[in-house]
Amino acid sequence: MASGDVTREDLPANPALRRFDDVRQLIANPDNPTPLVALKRLSARDGFQLYAKLEWYNPFGSIKDRTAYYLLRGMESRGELDGKNLVEPSSGNTGLALAAIAALMGKKIAVTIPDGVPEEKKILLRMLGAEVWATPDDLCPINHPKDGAIALAQSFINGEATRSHYAMPNQYENADNVKAHYETTGPEIWRQTDGRIQHFFAGFGTCGTISGTGRYLKEQNPNIKIIAIEPQKGHRLPGLKNLQESKPPGILDRSVIDEVIRVTDEPAYEMTKRLFREEGLMAGPSTGAIVHAAVEFGKRHEGVAVAIACDSGLKYTSFFRDILGSEGLPGV
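Note that the working numbering has the sequence shown beginning at 37, numbered continuously upward.
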């Protein structure tokens, strides 16, 4: 070795020091959980303790990081990614996490996305190297317009010229979506509440969160109530699905759900603003819907409750412009 040469020795990963070899190691798990934060100002009622589980602390910004990691890990172990690129329908969050992880794997991805998804998410997907195919609302007129993104992605998988080139994780039908939350989100919540949780709130979307987390929590204590939040028909709450106007995901496990609470747009938007202004939590609109339902539920019930805070509001600033309207403008 020449004089002055230095042998490179990488520092070993050490989660206790928050030192990692790969950004994927930041994705939440029972040894590295996302935070649980009490909502003391929004739910200031004796006997009902409401906590928000802040999923935007995942490295790619949402609860879907868990799902994407499990989907791709499962596909890789089964050899389904060999020689293929990825295609997936998404309202943004799963697509972002898949795109980031795919980039680390050296894979290309095309994301089919409903046209009404906030522009910020489309730009972030492109920044991650994804092809973004926005689907018009009339692409799938038989079901809900947002199902057009699913139909377009499936055309890649079923088309003679493309099916040998693409693999679809299929978050709506893939059991690994449920497994992600059964093995991580559920155990985290059980441990973080010292096993005292009595009510769990999550939205209808791909339904992996409520199915996997609900199943785990019910196995620990069958008396825990699992409450699903469903938006109104024709809603504008990205990431949530009304299952009367949209095809129910194949992975939905209705047996773990005790109650469904339907939420309209305006109370969800108002609660999103309150999360910002009263709790200092920059949450997305789907979190507003879930927390609104939980707060209303808490007016009639007691116990420890956990609501999923799916993602942050930083990906919805253009969306929030419409919610704010003329509020705060000079002379108004």
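Note that beta-carbon positions come from the ideal geometry of N, C-alpha and C, so glycine has one too.
8 Å Cβ cutoff met for residue i and residue j
i       : j       : result
Ile-137 : Tyr-105 : yes
Val-153 : Thr-229 : no
Glu-315 : Leu-75  : yes
Ala-135 : Gly-97  : no
Pro-370 : Arg-227 : The question about residue 370 has no answer, for the chain in this structure spans 37 to 368.
Ala-329 : Phe-237 : yes
Leu-28  : Leu-160 : For residue 28 there is no data in the structure shown, the boundaries of the chain being 37 and 368.
Ile-263 : Ile-297 : yes
Leu-276 : Phe-240 : yes
Proximal residues to residue i (C-beta, below 6 Å), its chain only, five neighbours per side dropped
i       : result
Arg-232 : Val-340
Ala-170 : Ile-149, Asp-151
Lys-157 : Gly-128, Lys-351
Top-ranked residue by Cα proximity to residue i, from the options
i       : options                            : result
Thr-308 : Arg-298, Asp-294, Ala-325          : Ala-325
Lys-254 : Tyr-305, Ser-291, Arg-102, Asn-129 : Ser-291
Gln-85  : Lys-335, Cys-346, Leu-360          : Lys-335
Val-73  : Ile-159, Phe-237, Ala-345          : Ala-345
Asn-68  : Pro-51, Glu-332, Pro-172, Asp-58   : Pro-51
Thr-300 : Leu-62, Pro-258, Val-327, Lys-283  : Val-327
Ala-211 : Cys-243, Asp-183, Ile-293, Thr-198 : Cys-243
Lys-215 : Ala-187, Glu-196, Gly-195, Arg-251 : Arg-251
Glu-295 : Glu-302, Ser-282, Phe-333, Gln-61  : Phe-333
Residue i burial status per 10 Å Cβ neighbour count (16 or more: buried)
i       : result
Thr-249 : buried
Thr-353 : exposed
Ser-200 : exposed
Met-111 : buried
Asn-179 : Only weak support exists for where Asn-179 lies, its pLDDT of 49 falling under 50; the value from the coordinates is given anyway. With fewer than 16 Cβ atoms within 10 Å of its Cβ, Asn-179 is classed as exposed.
Ile-99  : buried
Leu-288 : buried
Ala-80  : exposed
Arg-54  : exposed
Pro-177 : Below a pLDDT of 50, predicted positions are generally treated as unreliable, and Pro-177, at 44, falls in that range; the measurement from the model is reported next regardless. Looking at its Cβ environment, which holds fewer than 16 other Cβ atoms inside 10 Å, Pro-177 is exposed.
Asp-57  : exposed
Pro-284 : exposed
Same chain, Cβ closer than 7 Å to residue i, neighbours up to 5 away in sequence not counted
i       : result
Ala-189 : Val-123, Glu-124, Pro-125, Thr-148, Met-204
Gln-234 : Ile-260, Lys-261, Gly-339, Val-340, Ala-341
Gly-286 : Tyr-208, Glu-209
Asn-278 : Glu-266, Pro-267, Gln-268, Lys-269, His-271
Met-318 : Phe-312, Ser-348, Gly-349, Leu-350
Cutoff 8 Å: residue i Cβ touching any chain B Cβ
i       : result
Gly-324 : Given the protein chain composition of this structure (a single chain), no chain B is represented.
Bridge partner(s) assigned by DSSP for residue i
i       : result
Asp-347 : Ser-98
Gly-339 : Phe-84
His-235 : Lys-261, Ala-341
Leu-78  : Beta-bridge pairing links Leu-78 to no other residue.
Lys-89  : Leu-72, Ile-344
Glu-281 : Answer is none; Glu-281 lacks a bridge partner.
Trp-169 : Thr-148
Beta-carbon contacts of residue i that lie in its chain and below 8 Å, excluding the five residues immediately before and after
i       : result
Ala-64  : Thr-70, Glu-91, Tyr-93, Asn-94, Asp-101, Arg-102, Thr-220, Thr-221, Glu-224
Tyr-202 : Lys-120, Asn-121, Leu-122, Val-123, Ala-146, Phe-192, Ile-193
Glu-155 : Ser-354
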